[in-house]
Amino acid sequence: MSDLAKGGVVGAAFGEAFAILHDAVKHVIGQIKMFKPELELLQSTLDDVESTVRRIEELRIALDFPEKETKSLVEQMKKGKDLVDKCSKIKRRNWKYYVKAYFYSKKLSKLNRAIQKFCQVNLITQIAKTGMETLSQVNQNARIGSETLTQVKENARTGMETLAVANQNKTIGSETLTQVKQNTRTILEIKAEVNENTTTGRETLDGVKHNTMIGLETKAEVSQNTRIGKETLTAVRTMSLALESQKSDVKKKYGTLSCAVPKPRDYIVGFDLHLKELKRKLLMEEVSVLILTALGGCGKTTLVKMLGWDKEIIGIYMDRIFFVNVSKSPNLKVIVQNLFNHNCYDCPEFQSDEDAINQLEQLLNQIGTKVTKPILLILDDVWPESESLIEKFKFNIPNYKIVVTSRQAISRFDFGLNLNPLDHKDAMELLRHSASLQDGSSYILEEYMEKIVRYCGGLPIALEVIGSSLHRKSVEVWQSTVMRWSEGHSIFDSDNEVLACLQKSLDFSADKIILKEYFMDLGLFREDQRIPATALIDIWTELHEPSKNDVHVIANLHELNNRNLVSLVMTRKDAEEVNNYYNEDFVTQHDLLRELAIQLSSQKPIIERTRLIVDISKNNLPDWWMKSQLINARLLSVSTDELFSSSWCNIQAPEVEALILNFRTRNYTLPEFVKIMVKLKVIIVTNYGFFPAELSNFQLLSSLPNLKRIRLEKVSISSLWNTLVQWRSLKKISLFMCYIGQTFGNSTIQVSDSFSNLMEINIDYCNDLVELPAWLCEFLHLKKLNITNCHKLSELPEEIGKLVNLEELRLRSCTELSELPESIRSLHKLRILDISNCLRIIKLPKHIGELHKLKELHMKECLSLHKQLPSSIIDLKELWLVVCDEERAKLWEPFEESFSKLKVMVAKKDINLNWLYKS
1 MSDLAKGGVV
11 GAAFGEAFAI
21 LHDAVKHVIG
31 QIKMFKPELE
41 LLQSTLDDVE
51 STVRRIEELR
61 IALDFPEKET
71 KSLVEQMKKG
81 KDLVDKCSKI
91 KRRNWKYYVK
101 AYFYSKKLSK
111 LNRAIQKFCQ
121 VNLITQIAKT
131 GMETLSQVNQ
141 NARIGSETLT
151 QVKENARTGM
161 ETLAVANQNK
171 TIGSETLTQV
181 KQNTRTILEI
191 KAEVNENTTT
201 GRETLDGVKH
211 NTMIGLETKA
221 EVSQNTRIGK
231 ETLTAVRTMS
241 LALESQKSDV
251 KKKYGTLSCA
261 VPKPRDYIVG
271 FDLHLKELKR
281 KLLMEEVSVL
291 ILTALGGCGK
301 TTLVKMLGWD
311 KEIIGIYMDR
321 IFFVNVSKSP
331 NLKVIVQNLF
341 NHNCYDCPEF
351 QSDEDAINQL
361 EQLLNQIGTK
371 VTKPILLILD
381 DVWPESESLI
391 EKFKFNIPNY
401 KIVVTSRQAI
411 SRFDFGLNLN
421 PLDHKDAMEL
431 LRHSASLQDG
441 SSYILEEYME
451 KIVRYCGGLP
461 IALEVIGSSL
471 HRKSVEVWQS
481 TVMRWSEGHS
491 IFDSDNEVLA
501 CLQKSLDFSA
511 DKIILKEYFM
521 DLGLFREDQR
531 IPATALIDIW
541 TELHEPSKND
551 VHVIANLHEL
561 NNRNLVSLVM
571 TRKDAEEVNN
581 YYNEDFVTQH
591 DLLRELAIQL
601 SSQKPIIERT
611 RLIVDISKNN
621 LPDWWMKSQL
631 INARLLSVST
641 DELFSSSWCN
651 IQAPEVEALI
661 LNFRTRNYTL
671 PEFVKIMVKL
681 KVIIVTNYGF
691 FPAELSNFQL
701 LSSLPNLKRI
711 RLEKVSISSL
721 WNTLVQWRSL
731 KKISLFMCYI
741 GQTFGNSTIQ
751 VSDSFSNLME
761 INIDYCNDLV
771 ELPAWLCEFL
781 HLKKLNITNC
791 HKLSELPEEI
801 GKLVNLEELR
811 LRSCTELSEL
821 PESIRSLHKL
831 RILDISNCLR
841 IIKLPKHIGE
851 LHKLKELHMK
861 ECLSLHKQLP
871 SSIIDLKELW
881 LVVCDEERAK
891 LWEPFEESFS
901 KLKVMVAKKD
911 INLNWLYKS
């Protein structure tokens, strides 16, 4: 670089500044660790710039242009040299060091961008300017040639006219040369000279045009990137505004079932021909209703999911494919309400089933008229007693078709398809995959797999579950399993044999026998409903693992998931997060497995059962209930439909430790028999109806001395906290989609006299919660406070600093929350702070550094948080994980050297609809 200054190729001032800056950068680049990335980038830029500057300076000197074009860059490089000197002298003494380092880093980056901009924009402009000036000189030379030609016009008039045409068009020189061959040698020499000047001018013009084109293309690319960036920012802001505008509408955002077709599993074997045949029949003009039948567990639901995701079908029906899970006890009004909601129409409150069907027909007609394209409705898992439901969904709408899955053929409809079990080849492939033997290197003898496949009869659910249970087991375990099973029996003799086959998957080892208890508890929840993971954790911890914490239970839940006995669905969770937060996750289970759990729980007489599952239709109580006999169940599940009148008959169930109440009515009264359940530890009250329900008689729970966990879902309680008096055993309360704003405001509770053991409060999707009451901060033993997805919550009380034992504080997706109170500095035991998706938070508390025990900070998608982090952040000595987005990650760059173990993790954006609630 010094040669560039000494050689006189460029101006003295420019070359000197260039060389000084370059030498200074090379001198300090290995000495200053803090600025090494910026200095390396600057050195690379200077190296790249050298050849470009050398060329433009050669052109400038050749054309005798002034040096002022490079003066601005000279000034930038002189300042850059001073800046590099300052960076080399900065000392690491106190916190001011990080502030200076931050600003010097920014200035180095700014200098680098200035040099890049000069070469990418200024030099291109200078090249274009030089080209235009060169073109002007060429034109001037052309005019001189023309004047020369006029001096020899006496030689030949034809030659003069030819030369004039050559000067004007610059392309017809050869024709002119042909026409003036008869003229004198002098004219030919002048003609040749003019032609040479013209050619040079053309070449110069082409070069200028090429450079100009490059400049224009560069400018266009920059403009395009800028436009894309602006459009992206506008889209993000639009999405945020859209989310905020809908946040209070639970029915449209969260409170209802999505009727989109669920995505099928990634690995599916043996269904390609079935799918082809199903499509062929569906697309027949005369077919309006198509019935897909098969034994339970054969894959009917999997096949219709594949149909809904098939490219050809999507190309025909587009977004007018609706998936409805009917199940054993369908609620027609709820199904229609979900269809309205899925199509973003305001759902009326239907007066009857007939009214609901009439409204649905109008909706589908409107959809069909609007787009003049076909509509496909998939009714999954229709039981024989619900055949009449299909007729109600038939409408005289052009190109409207229905696909139904059922365990039994429905004779009233002409077109059907029977889904046969897997053939031997596909069954073997599925077993290998489920047992992780598909690589062909298995030492498991083929004969054992052959016998298992023959015993399972090609039933996919049986092959998957049994294969998973034998995953990584020794050959002796496979042999023992086969020897215990009867030879020659078909899995399809009856459903009972299917269940018997699946029961083999529950042969747990002695140290895992507790998993069978977990599995049987799943039958306590309603069919085809998502089971909140935390509800299971509450029951299992208190009843099966009372001496352990939730972590052991969660591990067993994952074990059930790994064995394909349940499906654990993780919603809106960053894959990188490492903690035990499961409040937004849920569990699903195949119908056949649920039947197995119920069958295992129902083998003994009612009074001797450990688990008692009661489904009440209308007001038809079971006969044994009417006799008020004593029952000894530890777990009791009671489900009622929308026609139940809350007229309870008392039962004697003093041994119950877990009570699950499921209902659909707009008003629900807790049964009186609850007050004698003195051993009750867990109560879960869930409204599966479309609208929130008023819950009454809640004060009965105040008489239960051992109650430890309460979960309420989609209910409203006008006096919730006033009724919870002297509950010294209560450890956890969870409120999901409840209406609690008025309850909080009217409470007169004396916290100091109650809840001495309350350690966890979960409030999720409670959209009428605007302000957290100050008295809620008097639960001094509280360790976990999770207030999530409460989109109207705008502020937290200063009294939150009183929660001195708090270890976890989660406020994720509280989109109206604008700040954290400064009193949060008093939470010295806080380990986890989560403010992800709090769109309006603009800064972190000034004294956040006083949270000395903080280990995890989650701040993903805090879109308004742009300001520099408070300097006290360096006092968070135990902080090891920050989960955020790319923009927030940049805020941590000036502080990373202050933390020896800190990991700033940029969370991947995960867009899915798993969080949509299923009613």
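Under UniProt numbering, read the sequence shown as residues 1 to 919, first letter to last. Idealized CB from N, CA, C, for every residue including glycine.
query, result
"For M626, count neighbouring C-beta atoms within 10 Å of its own C-beta (all shown protein chains included) and say buried if the count is 16 or more, exposed if not.", "exposed"
"What are the start and end residues of the alpha helix (DSSP H) that includes S468?", "P460 to S469"
"Taking the C-alpha atoms as reference points, what is the distance between V477 and C456?", "17 Å"
"In this structure, how does DSSP classify P532 when only helix, strand and coil are distinguished?", "strand"
"Going by alpha carbons, who is nearest to M570 out of E542, K714, I531 and I598?", "I531"
"Count the other CB atoms, across all protein chains shown, that sit within 10 Å of the CB of D538; report buried if there are 16 or more and exposed otherwise.", "buried"
"How should V84 be labelled, buried or exposed, when 16 other C-beta atoms within 10 angstroms of its C-beta is the threshold for buried?", "buried"
"Who does G80 pair with in a DSSP beta bridge?", "Answer is none; G80 lacks a bridge partner."
"Which residues in the same chain have their Cβ closer than 7 Å to the Cβ of N620, if we skip the five residues on either side of it in sequence?", "none"
"Could you spell out the range, first to last residue, of the beta strand (DSSP E) harbouring M905?", "K903 to V906"
"At the level of alpha carbons, what is the spacing between F322 and E391?", "17 Å"
"Would G315 be called buried (16 or more neighbouring beta carbons within 10 Å of its own) or exposed?", "exposed"
"How is Q43 classed by DSSP in three states: helix, strand or coil?", "helix"
"Of the choices D414, V334 and L42, whose alpha-carbon is the least far from that of S352?", "V334"
"Which value, in whole angstroms, describes the spacing of the CA atoms of S601 and N556?", "20 Å"
"Just how far apart, CA to CA, sit K901 and I554?", "27 Å"
"From the DSSP output, read off the bridge partner residues of K777.", "The question names Lys, but residue 777 is Cys in the sequence shown. Bridge partners of C777: none, in fact."
"Taking the alpha-carbon positions, what's the D319 to S258 distance?", "13 Å"
"I need the straight-line Cα distance from K79 to L108, nearest angstrom please.", "10 Å"
"Are there 16 or more other CB atoms within 10 angstroms of the CB of E576, so buried, or fewer, so exposed?", "For E576, the predicted model reports a pLDDT of 44, less than 50, meaning its position is unreliable; a value from the coordinates is still stated below. With fewer than 16 other Cβ atoms within 10 Å, it is exposed."
"Is the Cβ-Cβ distance between residue 976 and L596 less than 8 Å?", "With the chain covering only 1 through 919, there is no way to say anything about residue 976."
"Rounded to whole angstroms, what's the CA-CA distance from E771 to K548? Just pull it up for me.", "35 Å"
"Nearest to L830 by alpha carbon, out of I514, S872, S794 and L876?", "L876"
"Pick out whichever of I800, D764 and L806 has its Cα sitting closest to the Cα of C790.", "D764"
"The alpha helix (DSSP H) spanning D414 covers which residue range?", "Careful: D414 lies outside any alpha helix (DSSP H) and carries neither H nor E."
"Buried or exposed: where does F736 fall if 16 or more other Cβ atoms within 10 Å of its Cβ makes it buried?", "buried"
"Output needed for W383: all residues of its chain with C-beta closer than 6 Å, excluding positions within five of it in sequence on either side, in chain order.", "K328"
"Taking the alpha-carbon of Y582 as reference, which of K110, H852, V566 and V551 has the nearest alpha-carbon?", "V551"
"What's the gap between the Cα of V678 and the Cα of K394?", "52 Å"
"What is the rounded straight-line gap between the Cα of H489 and the Cα of F508?", "Confidence at H489 is low in this model, with a pLDDT of 47, below 50, so the placement of that residue should be treated as unreliable; the coordinate-derived value is given next. Going from the Cα of H489 to the Cα of F508 covers about 23 Å."
"What three-state label does DSSP hand E16 in the structure shown?", "helix"
"CB K279 to CB E312, shorter than 8 Å?", "yes"
"If I measure Cβ to Cβ from N418 and keep anything under 6 Å in the same chain, skipping five residues before and after, which residues do I get?", "T293"
"Considering Cα atoms alone, identify which of K783, K855 and L865 is closest to residue 931.", "Because residue 931 is not part of the residues shown, which for the chain are 1 to 919, the question remains open."
"Determine the direct distance from the alpha carbon of E75 to that of S871, and round the result to whole angstroms.", "34 Å"
"By the 10 Å Cβ neighbour count, where 16 or more other Cβ atoms means buried, how is K247 classified, buried or exposed?", "Any reading at K247 must be qualified, since the residue scores a pLDDT of 37, below 50, and its modelled position is unreliable; the value itself is stated next. Per the 10 Å Cβ criterion, buried."
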